[in-house]
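> Okay, here's the structure, questions in a sec.
Number of protein chains: 2
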Amino acid sequence: MTRDAVRAQIAAVAIDLFAEHGFDQVTVEQIATASGISARSFHRYFPAKEDAVIGDTTVWAELVRDTLDQRPTDESPWESLRAAFGELLARSDGDRDRQRRTMRVLSSTPSLRARNLEKHLMWARMFAPIVEERLDGDHVELRAQALVQSALVCFDLALTTWADSQDDTSPVDYLALAFATVGPR
Amino acid sequence: MTRDAVRAQIAAVAIDLFAEHGFDQVTVEQIATASGISARSFHRYFPAKEDAVIGDTTVWAELVRDTLDQRPTDESPWESLRAAFGELLARSDGDRDRQRRTMRVLSSTPSLRARNLEKHLMWARMFAPIVEERLDGDHVELRAQALVQSALVCFDLALTTWADSQDDTSPVDYLALAFATVGPR
DNA sequence: ACGCATATGTCAGTCTCTGACACTTACGGC
DNA sequence: GCCGTAAGTGTCAGAGACTGACATATGCGT
């Protein structure tokens, strides 16, 4: 079994336990035992307990960054951002049910939500320079950050709304709605 | 000495230590010793080490909530949010230098930023209902959250930009700039 | 079979945070 | 002034996350 496969397997076990008992009520020891490994090995796959839920998102971030970069320059930055995150939602394939369960655990645990937003700040540092180049005038750095971080908030909101909803509205629809509400015209 | 005064005193000691050695390099034990108390007592004043930097912000949150609530209903929600956060910036009096140093520590430590974002989510839950009432149409909950959380992002960005800047531009100016960049017209 | 790199378990230790208990201090009623 | 209560503090023990060090096992190419 490849290293990534083992990681995914442990994450799956962890998320199931979190969903049932709550993030804080489950110890690393329990996850490790349920996965047939030692607690020390768990920490070799995940630097922190939270990472079993959040995981490594650099691949996705790069996808968004590249999509954003390839958007036409005459398009408004806000529309480019919407398209880039829409592309991510469209491309993130896999077990929809598992994704939803993961998002549910994530959105219902304050410390996990915070950690996730923290990861989004890393994304913002990746995306901001691209937006910055497409802005004119003063304080482009601040303005680019404001746009990117607001976009990330909308993205996060679309995902959590989708995860907590019963019906099967697509996350892309929630994304469009959030972007339309906030963004500049 | 009142309880709040003691708390502020310990927080001041802690922030100075964090600013000099970095948040992770300073133990609770060291803060306690430098403050002339035991580590156990430190945790009686602050539930977590991070709270010595972030502190209790419910008073400020209530100020923003009340300001927001008293804004005219025919004003656009985005403008009301801008005014409410502007009011907070105008009213938060005290040692500007200390505030700036606190913000610098906060914005340069990942775990602190995460904790701060967690606090913002609490604020969002407080403000969203007010905005929600002033929206028409579908999905008001999602749209209110999108507006409020984007406003919080702008607020946070204004503060960090101010803290990291050399010149003495007012945070209110950065706030206006960020709001003008993102908000709907 | 051998050598090597990778993966794992065990152990010891640090640090944050909590509960329990004992002790001191401050204060209001008598 | 004396006493009972309440609030604040220190000490101790312990859980839980995480790290470094060391030894062992496992797989793989030669």
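Listed in order, the protein sequences are those of chains U and Z.
Sequential numbering of the first sequence, starting at 90, is according to our numbering.
Sequential numbering of the second sequence, starting at 90, is according to our numbering.
Ideal Cβ placement from N, Cα and C applies to all residues, glycine included.
(1) Can you tell me which of the three DSSP states U:Gly175 falls into?
(2) Rounded to whole angstroms, what's the CA-CA distance from U:Ala240 to Z:Met90? Just pull it up for me.
(3) Assuming Z:Ser181 is part of the alpha helix (DSSP H), what are its boundary residues?
(4) Taking 9 Å as the CB-CB cut-off, is U:Pro260 touching chain Z?
(5) Would Z:Ser197 pass as an interface residue toward chain U - the criterion being a Cβ-Cβ separation below 9 Å?
(6) Pairs of beta-carbons, one from the segment 200–220 of chain Z and one from the segment 245–264 of chain U, closer than 8 Å: are there three or more?
(7) U:Pro161 and Z:Gly272: beta carbons closer than 9 Å?
(8) When the Cα of U:Leu210 is compared with those of Z:Glu222, Z:Glu221, Z:Ser197, which residue comes out closest?
(9) Are at least three pairs of beta-carbons, each pair with one atom in the segment 152–169 of chain U and one in the segment 119–136 of chain U, less than 8 Å apart?
(10) Considering only the beta carbon of each residue, do U:Leu201 and U:Phe112 sit closer than 9 Å?
(11) In chain order, what residues of the same chain lie with their CB nearer than 7 Å to the CB of Z:Thr146, ignoring the 5 residues before and after it?
(12) Counting only the same chain and skipping the five closest in sequence on each side, list residues whose C-beta sits under 6 Å from that of U:Ala217.
(13) Given a limit of 7 Å on CB to CB distance, which residues of the segment 209–239 of chain U reach chain Z?
(14) Under 8 Å Cβ to Cβ from Z:Ile99, same chain only, skipping five residues before and after it: list those, please.
(15) Going by other Cβ atoms of all chains shown within 10 Å of its Cβ, with 16 needed for buried, is Z:Arg171 buried or exposed?
(16) If I follow the unbroken alpha helix (DSSP H) through Z:Phe244, where does it start and stop?
Reading from the atomic positions:
(1) Against the first sequence, residue 175 of chain U aligns to sequence position 86. Shown here, U:Gly175 sits in a helix according to DSSP, grouped into three states.
(2) As a working note, residue 240 of chain U is residue 151 in the first sequence. As a working note, residue 90 of chain Z is residue 1 in the second sequence. Each residue's Cα considered, the two are about 46 Å apart.
(3) Along the second sequence, one-based indexing puts residue 181 of chain Z at 92. Taken as a continuous stretch (DSSP letters only), Z:Ser181 belongs to no alpha helix (DSSP H), as it is neither H nor E.
(4) In the first sequence, residue 260 of chain U corresponds to position 171, counting from 1. Not flagged as an interface residue toward chain Z: U:Pro260, since no C-beta distance is shorter than 9 Å.
(5) Position 108 of the second sequence, counted from the start, is the residue given in the question as residue 197 of chain Z. So, not an interface residue.
(6) With a cut-off of 8 Å, the segment 245–264 of chain U and the segment 200–220 of chain Z do not count as touching, because too few Cβ pairs lie within range.
(7) For this step, residue 161 of chain U is matched to residue 72 along the first sequence. For this step, residue 272 of chain Z is matched to residue 183 along the second sequence. Annotated as distal: U:Pro161 and Z:Gly272, with beta-carbon spacing of 9 Å or more.
(8) Locating residue 210 of chain U in the first sequence gives position 121, where the first residue counts as 1. If we check each option's Cα against that of U:Leu210, Z:Ser197 comes out closest.
(9) Using a C-beta cut-off of 8 Å, the segment 152–169 of chain U makes no contact with the segment 119–136 of chain U, since fewer than three inter-stretch Cβ pairs fall below that distance.
(10) Mapped onto the first sequence, residue 201 of chain U falls at position 112. Mapped onto the first sequence, residue 112 of chain U falls at position 23. Yes, the pair counts as a contact, with Cβ atoms nearer than the cut-off.
(11) Indexing the second sequence from 1 puts residue 146 of chain Z at position 57. So the qualifying residues of the chain are Lys208.
(12) Numbered from 1 along the first sequence, position 128 holds the residue referred to as residue 217 of chain U. Around U:Ala217: Ala233, Gln234, Val237.
(13) So the list reads Leu210, His228, Leu231, Arg232, Gln234, Ala235, Leu236, Gln238, Ser239, given in the order they occur along the chain.
(14) Position 10 of the second sequence, counted from the start, is the residue given in the question as residue 99 of chain Z. Within the same chain, Cβ atoms closer than 8 Å to the Cβ of Z:Ile99 are found at Ile120, Ser124, Ile126, Phe131, Tyr134, Phe135, Ala141, the five residues on either side in sequence being excluded.
(15) What you label residue 171 of chain Z is simply residue 82 of the second sequence in a count that begins at 1. Around the C-beta of Z:Arg171, 16 or more other C-beta atoms lie within 10 Å, and the residue is accordingly described as buried.
(16) If you number the second sequence from 1, residue 244 of chain Z lands on position 155. Following the DSSP letters along the chain, one finds Z:Phe244 inside the alpha helix (DSSP H) bounded by residues 229–253.
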